[in-house]
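K.L.:
Okay, here's the structure, questions in a sec.
Protein chains: 2
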Amino acid sequence: MPLKDLINQKKNWRSVYRWGDTEKPIDTTIEKHIAHFRHLLGIEKNEALLPLNANAYQDVKLAKRSRLTRLSLKEIIRIVGSENVDIDDFSRVKHSFGKYYGDIVRLRMGNVQAPPDAVVYPRTEQEIEKIVKYCHAKKIAIVPWGGGTSVTRALEATKGGIALNMARNFHDVLSLNTQDSTVTVEAGILGPDLEKYLNEKGYTCGHFPQSFEFASVGGWIAARGAGQASTGYGRIEDIVVGFTVVTPAGKIVCGNYPAASVGPDIRHFILGSEGTLGVITRVTLRIRKFNAANTVMQSFMFKSFEGAVEAMRTMMQSEIYPPHFFRISDPEETDGALGMKGKDKGITGWVLDLLGFKKNSRSLMYAIFEGDRAQAKLGAKTLKKLAKKYGGMSLGTYATRKWLEQRYSSAYMRDPMMDSGIRIDTLETSVHYSRLIELWKAVREYIKADGQTLCLTHISHTYETGANLYFIFVSPMLEKDELNRFEKFHKGIIDTFLSHGGTLSHHHGVGRLGAHALSKQHSPTALAAWLAVKKSLDPKNIMNPGALIF
Amino acid sequence: MPLKDLINQKKNWRSVYRWGDTEKPIDTTIEKHIAHFRHLLGIEKNEALLPLNANAYQDVKLAKRSRLTRLSLKEIIRIVGSENVDIDDFSRVKHSFGKYYGDIVRLRMGNVQAPPDAVVYPRTEQEIEKIVKYCHAKKIAIVPWGGGTSVTRALEATKGGIALNMARNFHDVLSLNTQDSTVTVEAGILGPDLEKYLNEKGYTCGHFPQSFEFASVGGWIAARGAGQASTGYGRIEDIVVGFTVVTPAGKIVCGNYPAASVGPDIRHFILGSEGTLGVITRVTLRIRKFNAANTVMQSFMFKSFEGAVEAMRTMMQSEIYPPHFFRISDPEETDGALGMKGKDKGITGWVLDLLGFKKNSRSLMYAIFEGDRAQAKLGAKTLKKLAKKYGGMSLGTYATRKWLEQRYSSAYMRDPMMDSGIRIDTLETSVHYSRLIELWKAVREYIKADGQTLCLTHISHTYETGANLYFIFVSPMLEKDELNRFEKFHKGIIDTFLSHGGTLSHHHGVGRLGAHALSKQHSPTALAAWLAVKKSLDPKNIMNPGALIF
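So the protein lines, in turn, are chains A and B. For what it's worth, the working numbering labels the leading residue of the first sequence as 375, then goes sequentially. For what it's worth, the working numbering labels the leading residue of the second sequence as 375, then goes sequentially.
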């Protein structure tokens, strides 16, 4: 079954909030991971939390009926065909949430506060234009919906209206231009379909967010995302060449040149707009040649996180083409990874300790070079030298290969972990090198102060001037008031980012979850200019109302 | 004398329009170049054009007196001090124009239509804020003025008001952060001062526009420029990390992170805004280590422009770090360069012809690799192989060294060429590879149709998906109506860019000269959003009124 069809497959609650294919049994390695987390947290199955699962396999039922008038429904059906409009409870619930931890908690409680009134699956750009025009005239809200993988509450139908599902019918590759190294696609195409098409021609898009399997190209742009290989291939704003966006005020075709000085860059008004300004339709992306045989993998163990970061920084500032994937696990994540593989108690942990790579301080670095063979070799040779300089020990390719194998899998863990009473969520930021360690320590301190919480951190996106920090926090779910207390905790992490030189987000975006902090991230005058763009493109605020500052 | 003082040095007309230091005699190589152009165009000294020089060494006098009220002048003097306000005719004329060919024609005719009422030289960001606030309250226009090197009529005081000269007093390096690889400066600093500071510490900014000697960092951002080494170091939007901009609606501090997903990127509202939204004050730029000993230079002769472009494209798409400087001269420019060195008639031209590198078809490629030594070597080795594959013959380093020596000098030629009755101007665009040759041919055809015109073209900025095309057109000045007929011709070139897949501009910007074509470059809905930003940041249209769409 094509991935894009999965999202409408099963009609029970669990298929709404679970990641991926609900038919598949839980992977045994995931079960092992969960057992390990239970062991680390020292918790047993918590019966008190079982009510959160009460709804799990029931049919989906919504209290609120669709408020779309018969006339509006008729008009929308006229545009896209009756087979491309859903108003049943399952489809509406499915399009009420993304994949944020709080979303799953709410869904498990059967608490759906903001479902869309209908789900619409357009087939063409013309249909999208007609829908936006009609909804603008009738003041019906639209939430553009790609793969539904938002972790920032970007996808709620705060004012009802329609969820515009781009993935089901609007996912063709329109053209490939090998002379320009570009591909043009419909925005609803999901990562694997695009990548499969390109790989068959010897190319790659190079954009691999963790949500890759279920995220759409339009979503990549709307969320201003970055993939796991962004160090080599660039973030989506580096990869995108041009696109069309249909706004209530009209259609914008932008970019589609190698570079230019033609005033403000209008693409950057839309990048990161998260559906609040319009619907992204056609997209042209830069592609690169890909030959798996050229790939060079490395991994290194460092005595400290600080040492690993210095090696990474030096590599990024070396003026040598950097690794495409470039990561560091902090000590807690490193020990966690060793622990999960049963190696901290075994001979590996013992040997590492003996060599001075001590538990609670050692840090694992992963690097993968792609592209040209000679270039990849030069990069790997340079990194090896730099790693050595900063006390790193080469571990060969094993750790990196293992990471690569399971790089999309951790999202599958949340649902079964919650079944075991374990809360797991993530937040990420970016920061210049000069404040990276300070920020890392401050956030860890904040998270640890919450009590019984694991905090696994990595750097996964690196730049010449700084890097991101990605925090995974794991703790027992609370029996009382889990959601409110979690959200308060969550806000505190973002505040800690901002007060230590970090950004509100590095690649997840803002949605509704980070909106409270936008005024700390941006100057008020800048926010006013942004709001002016909103009013110009969407004067009636029908596009994803309630997200970002709108 | 520091470069930044040169711009206020001499009080006659010639010192307004001539490039650089008016004290210096004309370089003898420039005289040779001019003689060569005269020969190619078959023209003698044209006495009829002499009236254009009548004013050259007279004192500058303006018909219009400053319209600033005594009260306003007093208030501005209170803010910056009387020594930092000029209302004399010379200073006002000096700040009435940039360096576009039409500017020089007008200046030579003593035709100054839009002088500012005063020139103000702020010393601090606080002073700039006070001036903007005061001018906003009193509706006095402000044209931010860096080095005055605009070639797009971006610097006219269409509505009078003040020219805000940033270069004289606002040019300090504020901090260097070698850990983050960044430098923070006041926006009025000129290229050479910044580069000298960085070079002494072992770094480079990597931004070398042809106007480098006289252009300011604030101007680089305002014009969204690209330097001659942009292929390796990136365009200014790749180099800039963050900046402060003082707008009539308030101050915006933006960027200052390695990367982020925090909504639309507000830096891209200001990049390319050409002074129409606010005054850029503090700027943080990414820097790179620089060691001249690592530099590798190459040059290659190709049998055709098409072959050279294919080699360049393949290099840019090879996933090997590209040359920092990467250029191709088209056949007419190649023959011109050989001719100016007296080589087309000598043994070099003969040998080239014999080897199949025929006149009117051969194309010269220049490449300079900087940064890391091993990386530079890998790049050079790759390019050599690719050049050979596409029929290129290595010419060693001679041509590239020669180009490097005179890379800022052609701007000095215009004034003496005009003394000889020769018109010279340039326009540039960018285009994807798949339409590059088509565009090049179409523009050449258009330019040649104008009659007795030389058209020397090069590619100087290259990307994975395409490149720029930079056209230099040289012809005898007309005895009648030179300006109007030139401007009509000029508009036609831009229209030809746009109708063959090119952009309005690649790195010169828009100013007032390209404003008529903005509606062909951008969708109307995008222009409306841009206008909304303008209204939000500068509701009374005091910032550089008349430039771009405002």
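By construction, the Cβ of each residue, glycine as well, lies at the ideal position given by its N, Cα and C atoms. The structure presented is a predicted model; accordingly, all values stated were derived computationally and were not measured.
How big is the Cα-Cα spacing for ARG388 (chain A) and ARG466 (chain A)?
P.N.:
Locating residue 388 (chain A) in the first sequence gives position 14, where the first residue counts as 1. Locating residue 466 (chain A) in the first sequence gives position 92, where the first residue counts as 1. Cα-Cα distance, rounded: 15 angstroms.
K.L.:
Under 8 angstroms between C-beta atoms, does PRO919 (chain A) make it to chain B?
P.N.:
Stepping through the first sequence from its first residue, residue 919 (chain A) is reached at position 545. It does not; no Cβ of chain B falls within 8 angstroms.
K.L.:
Taking 8 angstroms as the threshold (C-beta atoms), are ALA682 (chain A) and GLY599 (chain A) in contact?
P.N.:
Along the first sequence, one-based indexing puts residue 599 (chain A) at 225. Along the first sequence, one-based indexing puts residue 682 (chain A) at 308. In this structure, ALA682 (chain A) does not lie closer than 8 angstroms to GLY599 (chain A) by Cβ.
K.L.:
Which residues bound the alpha helix (DSSP H) around CYS509 (chain A)?
P.N.:
Counting from one through the first sequence, the residue named residue 509 (chain A) turns up at place 135. Counting along the chain, the alpha helix (DSSP H) containing CYS509 (chain A) begins and ends at 499–512.
K.L.:
Which residues of chain A have a Cβ atom closer than 8 angstroms to the Cβ of CYS509 (chain B), listed in chain order?
P.N.:
In the second sequence, counting from the first residue as 1, residue 509 (chain B) sits at position 135. Near CYS509 (chain B) there are no residues of chain A at all, since even the closest Cβ is about 16 angstroms away, more than 8 angstroms.
K.L.:
Pull out every residue of the region 613–634 of chain B whose Cβ sits closer than 7 angstroms to any Cβ of chain A, in chain order.
P.N.:
Answer in chain order: VAL615, THR621, ALA623, GLY624, LYS625, ILE626, VAL627, CYS628, TYR631, PRO632, ALA633 and ALA634.
K.L.:
Please compile the residues from chain B whose C-beta is within a distance smaller than 8 angstroms of the C-beta of TRP904 (chain A).
P.N.:
Here residue 904 (chain A) refers to the residue found at position 530 of the first sequence. Ordered by position in chain B, the residues that pass the 8 angstroms Cβ test against TRP904 (chain A) are GLY637, PRO638 and ILE640.
K.L.:
Between which two residues does the beta strand (DSSP E) containing SER834 (chain A) stretch?
P.N.:
Counting from 1 along the first sequence, the entry for residue 834 (chain A) is found at position 460. No beta strand (DSSP E) contains SER834 (chain A), which DSSP labels as neither H nor E.
K.L.:
With respect to the alpha helix (DSSP H) encompassing TYR740 (chain B), which residues constitute its N-terminal and C-terminal limits?
P.N.:
Within the second sequence, the letter at position 366 stands for residue 740 (chain B). Counting along the chain, TYR740 (chain B) falls outside any alpha helix (DSSP H), though it belongs to the beta strand (DSSP E) covering 737–743.
K.L.:
Name, going along the chain, the residues of the region 541–561 of chain B whose beta-carbon falls closer than 7 angstroms to a beta-carbon of chain A.
P.N.:
Within the region 541–561 of chain B, the qualifying residues are ASN551, GLN553, ASP554, SER555 and THR556.
K.L.:
Cβ closer than 9 angstroms: which chain B residues qualify as neighbours of LYS762 (chain A)?
P.N.:
By 1-based counting over the first sequence, the position of residue 762 (chain A) is 388. Those do not exist, as LYS762 (chain A) stays about 16 angstroms from chain B at its closest Cβ, beyond 9 angstroms.
K.L.:
Can the beta-carbon of THR621 (chain B) be found less than 8 angstroms from the beta-carbon of LEU659 (chain B)?
P.N.:
What you label residue 621 (chain B) is simply residue 247 of the second sequence in a count that begins at 1. What you label residue 659 (chain B) is simply residue 285 of the second sequence in a count that begins at 1. Cβ atoms of THR621 (chain B) and LEU659 (chain B): not closer than 8 angstroms.
K.L.:
For GLY795 (chain A) and ASN386 (chain A), what's the separation of their Cα atoms in angstroms?
P.N.:
Translated into the one-based positions of the first sequence, residue 795 (chain A) becomes position 421. Translated into the one-based positions of the first sequence, residue 386 (chain A) becomes position 12. One C-alpha to the other measures close to 21 angstroms.
K.L.:
Could you name the residues that DSSP lists as bridge partners for LEU550 (chain B)?
P.N.:
Along the second sequence, read from residue 1 onward, the residue named residue 550 (chain B) stands at position 176. LEU550 (chain B) pairs with B:VAL557.
K.L.:
Tell me where the alpha helix (DSSP H) around ILE811 (chain B) begins and ends.
P.N.:
Against the second sequence, residue 811 (chain B) aligns to sequence position 437. 807–823 is the extent of the alpha helix (DSSP H) around ILE811 (chain B).
K.L.:
Rounded to whole angstroms, what is the Cα-Cα separation between TYR391 (chain B) and GLN584 (chain B)?
P.N.:
To locate residue 391 (chain B), count along the second sequence from 1; it is residue 17. To locate residue 584 (chain B), count along the second sequence from 1; it is residue 210. Taking the straight line from one Cα to the other gives about 17 angstroms.
K.L.:
Assuming ALA561 (chain B) and THR669 (chain B) are in contact, meaning their beta carbons sit under 8 angstroms apart, how far apart are those beta carbons, in whole angstroms?
P.N.:
Along the second sequence, one-based indexing puts residue 561 (chain B) at 187. Along the second sequence, one-based indexing puts residue 669 (chain B) at 295. Actually they do not touch by this definition, with Cβ atoms about 29 angstroms apart.
K.L.:
Within 10 angstroms of its Cβ, does ALA428 (chain A) collect 16 or more other Cβ (buried), or is it exposed?
P.N.:
Indexing the first sequence from 1 puts residue 428 (chain A) at position 54. That one is exposed.
K.L.:
Is the distance from the Cβ of ILE916 (chain A) to the Cβ of ILE613 (chain A) below 8 angstroms?
P.N.:
Start at 1 with the first residue of the first sequence, and residue 916 (chain A) comes out as number 542. Start at 1 with the first residue of the first sequence, and residue 613 (chain A) comes out as number 239. Taking 8 angstroms as the Cβ cut-off, ILE916 (chain A) and ILE613 (chain A) do not qualify as a contacting pair.
K.L.:
Give me whichever residues DSSP pairs with PHE617 (chain B) in a beta bridge.
P.N.:
Numbered from 1 along the second sequence, position 243 holds the residue referred to as residue 617 (chain B). Paired residues: B:CYS628 and B:VAL657.
K.L.:
With a threshold of 8 angstroms on Cβ separation, who are the neighbours of LYS504 (chain A) within its own chain once the five nearest residues in sequence on each side are excluded?
P.N.:
Position 130 of the first sequence, counted from the first residue, corresponds to residue 504 (chain A). Once the five neighbours on either side are set aside, the close Cβ partners of LYS504 (chain A) are ILE453.
K.L.:
My output table needs one value for LEU377 (chain A): the three-state DSSP class, helix, strand or coil.
P.N.:
Residue 377 (chain A) sits at position 3 when you count from the first residue of the first sequence. Residue confidence for LEU377 (chain A) is low, a pLDDT of 48 falling below 50, so the modelled location carries little weight; the figure read from the coordinates is stated next. Residue state, collapsed to three classes: helix.
K.L.:
Under 8 angstroms between C-beta atoms, does GLY745 (chain B) make it to chain A?
P.N.:
As a first step, residue 745 (chain B) is located in the second sequence; it is residue number 371 there, counting from the start. Chain A, which has a Cβ nearer than 8 angstroms to the Cβ of GLY745 (chain B), makes this yes.
K.L.:
What residues of chain A sit near LYS663 (chain B), judged by a beta carbon separation below 9 angstroms?
P.N.:
Stepping through the second sequence from its first residue, residue 663 (chain B) is reached at position 289. Those within 9 angstroms of LYS663 (chain B) in chain A are GLN691, SER692 and GLU693.
K.L.:
Could one say the Cβ of PHE700 (chain A) lies closer than 8 angstroms to chain B's Cβ atoms, at least one of them?
P.N.:
Here residue 700 (chain A) refers to the residue found at position 326 when the first sequence is read from its first residue. It does not: the Cβ of PHE700 (chain A) has no partner Cβ on chain B nearer than 8 angstroms.
K.L.:
Find the residues of chain A that neighbour PHE643 (chain B), judging by a C-beta separation of less than 7 angstroms, and give them in chain order.
P.N.:
Looking up residue 643 (chain B) in the second sequence gives position 269. By Cβ distance, chain A contributes PRO638 and ALA903.
K.L.:
Along chain B, in chain order, which residues have C-beta atoms closer than 8 angstroms to that of PRO898 (chain A)?
P.N.:
Taking the first sequence and counting its residues from 1, one reaches residue 898 (chain A) at position 524. Here the neighbours are GLY624.
K.L.:
Under 8 angstroms, Cβ to Cβ, is there at least one residue of chain A near GLN672 (chain B)?
P.N.:
Residue 672 (chain B) sits at position 298 when you count from the first residue of the second sequence. It does not: the Cβ of GLN672 (chain B) has no partner Cβ on chain A nearer than 8 angstroms.
K.L.:
In angstroms, rounded to a whole number, what distance separates the CA positions of ILE610 (chain A) and ILE694 (chain B)?
P.N.:
The residue given as residue 610 (chain A) occupies position 236 in the first sequence. The residue given as residue 694 (chain B) occupies position 320 in the second sequence. Going from the Cα of ILE610 (chain A) to the Cα of ILE694 (chain B) covers about 20 angstroms.
K.L.:
Do the CB positions of GLY608 (chain B) and PHE617 (chain B) come within less than 8 angstroms of each other?
P.N.:
Translated into positions along the second sequence, residue 608 (chain B) becomes position 234. Translated into positions along the second sequence, residue 617 (chain B) becomes position 243. Taking 8 angstroms as the Cβ cut-off, GLY608 (chain B) and PHE617 (chain B) do not qualify as a contacting pair.
K.L.:
State the CB to CB distance for the pair ILE654 (chain A) and VAL619 (chain A), rounded to an integer number of angstroms; the pair is presumed to be in contact (CB under 8 angstroms).
P.N.:
Translated into positions along the first sequence, residue 654 (chain A) becomes position 280. Translated into positions along the first sequence, residue 619 (chain A) becomes position 245. Yes, ILE654 (chain A) and VAL619 (chain A) are in contact; Cβ-Cβ is about 5 angstroms, under 8 angstroms.
K.L.:
Use the C-beta contact count for GLY825 (chain B): other C-beta atoms within 10 angstroms, 16 or more gives buried, fewer gives exposed.
P.N.:
Residue mapping note: residue 825 (chain B) aligns to position 451 of the second sequence, counting from 1. The residue in question, GLY825 (chain B), is exposed, as its Cβ has fewer than 16 Cβ neighbours within 10 Å.
K.L.:
Taking the C-alpha atoms as reference points, what is the distance between SER555 (chain A) and PRO566 (chain B)?
P.N.:
Counting from 1 along the first sequence, the entry for residue 555 (chain A) is found at position 181. Counting from 1 along the second sequence, the entry for residue 566 (chain B) is found at position 192. Taking the straight line from one Cα to the other gives about 36 angstroms.
K.L.:
Within 8 angstroms (strictly less), CB to CB, does ALA841 (chain A) reach chain B?
P.N.:
Numbered from 1 along the first sequence, position 467 holds the residue referred to as residue 841 (chain A). ALA841 (chain A) counts as touching chain B.
K.L.:
Kindly indicate which three-state DSSP category LYS758 (chain B) falls into: helix, strand or coil?
P.N.:
Mapped onto the second sequence, residue 758 (chain B) falls at position 384. In this structure, LYS758 (chain B) counts as helix in the three-state DSSP scheme.
K.L.:
Give the residues of chain A in contact with THR870 (chain B), contact being defined as C-beta atoms less than 9 angstroms apart.
P.N.:
Here residue 870 (chain B) corresponds to residue number 496 of the second sequence, with the count starting at 1. Chain A residues near THR870 (chain B): none, gap ~16 angstroms exceeds 9 angstroms.
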